[in-house]
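**Student:** Line order of the protein sequences matches chains A and B. Note that the working numbering gives residue 38 to position 38 of the first sequence, counting from 1, and the numbers run on in steps of one. With the second sequence counted from 1, adding 1000 to any position gets you the working numbering.
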Amino acid sequence: MSNQRVSRRQFLNYTLTGVGGFMAAGMLMPMVRFAIDPVLTAKAGGDFISTGTSEDELSEEPLRVDFTFEQVDAWYTSDVTQTAWVFLDGDGGIVALNPTCKHLGCTVNWEGRESDPNRFFCPCHNGLYEKSGENVPGTPPTAPLDMFEARISDDGILELGQVVPNKIVEG
Amino acid sequence: MLNKIYDWVDERLDITPMWRDIADHEVPEHVNPAHHFSAFVYCFGGLTFFVTVIQILSGMFLTMYYVPDIENAWRSVYYLQNEVAFGVIVRGMHHWGASLVIVMLFLHTLRVFFTGAYKKPRELNWVVGVLIFFVMLGLGFTGYLLPWDMKALFATKVGIEIAASTPLIGEQIRTLLAGDANILGAQTLTRFFAIHVFFLPGALLGLMAAHFIMIRKQGISGPL
């Protein structure tokens, strides 16, 4: 205990500020928690989605595979179509690249510009990627294209899962 | 630290007199419940303001999730109430606060009436207060439709029918409110939303400013 006297004015200032702050916090806390809920909500892990593309159609040339799944966006549920560029890596593995450009999120296309054969091209800022998804130095992207987890179902149909970082590019 | 920031700003902008104008004023003995407990009736105006602040805050947060569209309004309300953390509390604050504001406003009006505080020179402040009351009723009426459930729909149908029974211009008022001569639907909901979150709150803030400036100018009315 200190010998410092607390004046009546100080005591009232502290208690009233404390009680007032507690009440204001009680009022604001639910609203702030309500507002930041999307940040704190755990992301649901996705299942593999059947694309309807048969294993036989795949080759070492990237094939555009569109697949549709049901997306639940809060109160709005809709069918969303996404695209993957799928090819065989020659060792029995399947590579399914996500065509979302790593620069600023536009959509890349295989051989999207005539002057760049065997490359993915992004029309927004002329980004280029090799077939493996590796970004071409000197163009805007700073990282290789992401890829979907891919597998073949028992009846030979390509299935795609989560988007993961590119595993086949060295480095 | 806080003192230093305050001094820094005060040195440049001389904010202390402004602060005095807003907060540093005399509270007469006859309105202070610490002296006479019955003076708590003088709190109703301040309580109305307090609940109004809660309404504005909770309403701002609700619009983070709410959509004023007939396809999605009900579903977004259902989502924010049942899926978002504290949604039921934030919506509950707005829901119950809406009724409480009317109750407090009414008690405040009774106090002013029975203490004769509306008399000269405060007649204009009474008029502004009555306008605030009408704006609050308008906020209650337009907000009632927004959840877009059956109760909201039929309450608004009834309200619009009452407005449409105005002599001579009833049909025009109906169309103006509902956005359509026959349908209570998509355009009604967007209209009511716009009125509820932009037009009436704007009017309310202006009227409240006038109300408070007049109180400060004229002081609190004397004891009975």
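Yeah, the Cβ is synthetic: ideal placement off N, Cα and C, and Gly gets one too.
I'd like to know whether the C-beta of PHE87(A) is nearer than 8 Å to at least one C-beta of chain B.
**Tutor:** So, not an interface residue.
**Student:** What do you get for ALA1034(B), buried or exposed, if any count of 16 or more other CB atoms within 10 angstroms of its CB means buried?
**Tutor:** Under this definition ALA1034(B) is an exposed residue.
**Student:** Compute the Euclidean distance between the alpha carbons of LEU1110(B) and SER1221(B), then round it to the nearest angstrom.
**Tutor:** Roughly 15 Å between the two C-alpha positions.
**Student:** Any beta carbon from chain A within less than 8 Å of ALA1085(B)'s own beta carbon?
**Tutor:** ALA1085(B) counts as touching chain A.
**Student:** So, using beta-carbon positions, are GLY1087(B) and SER1058(B) closer together than 8 Å?
**Tutor:** In this structure, SER1058(B) does not lie closer than 8 Å to GLY1087(B) by Cβ.
**Student:** At 8 Å on the CB atoms, spell out the chain A contacts of ASN1072(B), in chain order.
**Tutor:** By Cβ distance, chain A contributes TRP75, TYR76.
**Student:** Taking a contact to mean a Cβ-Cβ separation below 8 Å, would you say GLU159(A) touches THR68(A) in this structure?
**Tutor:** No, Cβ-Cβ distance for GLU159(A) and THR68(A) is not below 8 Å.
**Student:** Could you tell me which of VAL1090(B), VAL1197(B), VAL1128(B) sits nearest to GLY1140(B), measuring between CA atoms?
**Tutor:** Minimum Cα distance to GLY1140(B) is reached at VAL1197(B).
**Student:** In the DSSP assignment, the alpha helix (DSSP H) including GLN4(A) goes from what residue to what residue?
**Tutor:** Unbroken run through GLN4(A): none, as it is neither H nor E.
**Student:** May I ask you to list the residues that DSSP assigns as paired with LEU1176(B)?
**Tutor:** Paired residues: none, contrary to the question.
**Student:** Could you tell me whether the segment 1029 to 1045 of chain B touches the segment 1099 to 1114 of chain B, where touching means 3 or more Cβ pairs closer than 8 Å?
**Tutor:** With a cut-off of 8 Å, the segment 1099 to 1114 of chain B and the segment 1029 to 1045 of chain B count as touching, because enough Cβ pairs lie within range.
**Student:** Check each candidate in TYR14(A), MET29(A), LEU145(A), SER153(A) and name the one with the smallest Cα separation from LYS102(A).
**Tutor:** Checked all of TYR14(A), MET29(A), LEU145(A), SER153(A); the closest Cα to LYS102(A) is LEU145(A).
**Student:** Does DSSP put ASP1021(B) in a helix, in a strand, or in coil?
**Tutor:** ASP1021(B): helix per DSSP, three-state reduction.
**Student:** What's the C-alpha gap between PHE1113(B) and LYS1157(B)?
**Tutor:** If you take the alpha carbons of PHE1113(B) and LYS1157(B), they lie about 34 Å apart.
**Student:** Does the segment 69 to 79 of chain A come close enough to the segment 136 to 145 of chain A that 3 or more CB-CB pairs lie under 8 Å?
**Tutor:** Counting Cβ pairs under 8 Å, fewer than three are found: no touch.
**Student:** Which runs of the alpha helix (DSSP H) at least 4 residues long sit entirely within the segment 1034 to 1071 of chain B? Give them in chain order.
**Tutor:** Those alpha helix (DSSP H) runs which fall completely within the segment 1034 to 1071 of chain B and span 4+ residues are 1044 to 1062.
**Student:** Once you ignore the five residues that flank VAL136(A) on each side, which residues in its own chain have a CB closer than 6 Å to its CB?
**Tutor:** These residues qualify, in order along the chain: LEU128.
**Student:** Between the C-alpha atoms of TYR14(A) and MET31(A), what's the straight-line distance to the nearest angstrom?
**Tutor:** Taking the straight line from one Cα to the other gives about 26 Å.
**Student:** In angstroms, rounded to a whole number, what distance separates the CA positions of LEU97(A) and ASP154(A)?
**Tutor:** Distance between the alpha carbons of LEU97(A) and ASP154(A): 22 Å.
**Student:** Assign ALA96(A) to one of three DSSP states: helix, strand, or coil.
**Tutor:** ALA96(A) falls in the strand class under three-state DSSP.
**Student:** CB ALA84(A) to CB VAL65(A), shorter than 8 Å?
**Tutor:** Yes, Cβ-Cβ distance for ALA84(A) and VAL65(A) is below 8 Å.
**Student:** Mind checking whether TYR1065(B) and TYR1078(B) have CB atoms under 8 Å apart?
**Tutor:** No; because the gap between Cβ atoms is not below 8 Å, this pair is not in contact.
**Student:** Could you name the residues of the same chain whose beta carbon sits closer than 7 Å to that of ASN166(A), not counting the 5 residues immediately before and after it, in chain order?
**Tutor:** Same-chain partners within the cutoff: GLY133, PRO144, LEU145, ASP146, MET147.
**Student:** Between the segment 33 to 56 of chain A and chain B, which residues of the former have a C-beta closer than 9 Å to a C-beta of the latter?
**Tutor:** Within the segment 33 to 56 of chain A, the qualifying residues are ARG33, PHE34, ALA35, ILE36, ASP37, PRO38, LEU40, THR41.
**Student:** What's the gap between the Cα of CYS106(A) and the Cα of SER115(A)?
**Tutor:** Near 20 Å, if we compare the C-alpha coordinates of SER115(A) and CYS106(A).
**Student:** Just to confirm, is the Cβ distance from ALA1194(B) to TRP1148(B) under 8 Å?
**Tutor:** No, Cβ-Cβ distance for ALA1194(B) and TRP1148(B) is not below 8 Å.
**Student:** Is it buried or exposed for GLN10(A), if we count other Cβ within 10 angstroms and need 16 for buried?
**Tutor:** It is exposed - the Cβ of GLN10(A) has fewer than 16 other Cβ atoms within 10 Å.
**Student:** Between GLN162(A) and ILE1022(B), what straight-line distance do the alpha-carbon atoms span, to the nearest angstrom?
**Tutor:** Distance between the alpha carbons of GLN162(A) and ILE1022(B): 58 Å.
**Student:** Would you mind sorting ILE94(A) into buried or exposed? The rule is 16 or more other CB atoms within 10 Å of its CB.
**Tutor:** With 16 or more Cβ atoms within 10 Å of its Cβ, ILE94(A) is classed as buried.
**Student:** Chain B beta carbons: is any one of them nearer than 8 Å to that of PRO144(A)?
**Tutor:** Output row for PRO144(A): interface = no.
**Student:** Distance, Cα to Cα, GLU1171(B) vs ALA1163(B)?
**Tutor:** Cα to Cα, GLU1171(B) sits roughly 9 Å from ALA1163(B).
**Student:** Going by alpha carbons, who is nearest to THR1115(B) out of GLN1218(B), LEU1189(B), PRO1223(B)?
**Tutor:** Nearest option by C-alpha distance: PRO1223(B).
**Student:** Answer with buried or exposed for ILE1160(B), where buried requires no fewer than 16 other C-beta atoms within 10 angstroms of its C-beta.
**Tutor:** It counts as buried.
**Student:** Rounding to the nearest angstrom, what Cα-Cα distance links PHE1133(B) and GLN1218(B) in this structure?
**Tutor:** Rounded to the nearest angstrom, the two C-alpha atoms are 21 Å apart.
**Student:** How far does the beta strand (DSSP E) with PHE148(A) in it reach, from first residue to last?
**Tutor:** Segment 147 to 152, the beta strand (DSSP E) holding PHE148(A).
**Student:** Using only CA atoms, which one of LEU88(A), ILE36(A), VAL6(A), MET23(A) lies nearest to ARG151(A)?
**Tutor:** It is LEU88(A) whose Cα lies nearest to the Cα of ARG151(A).
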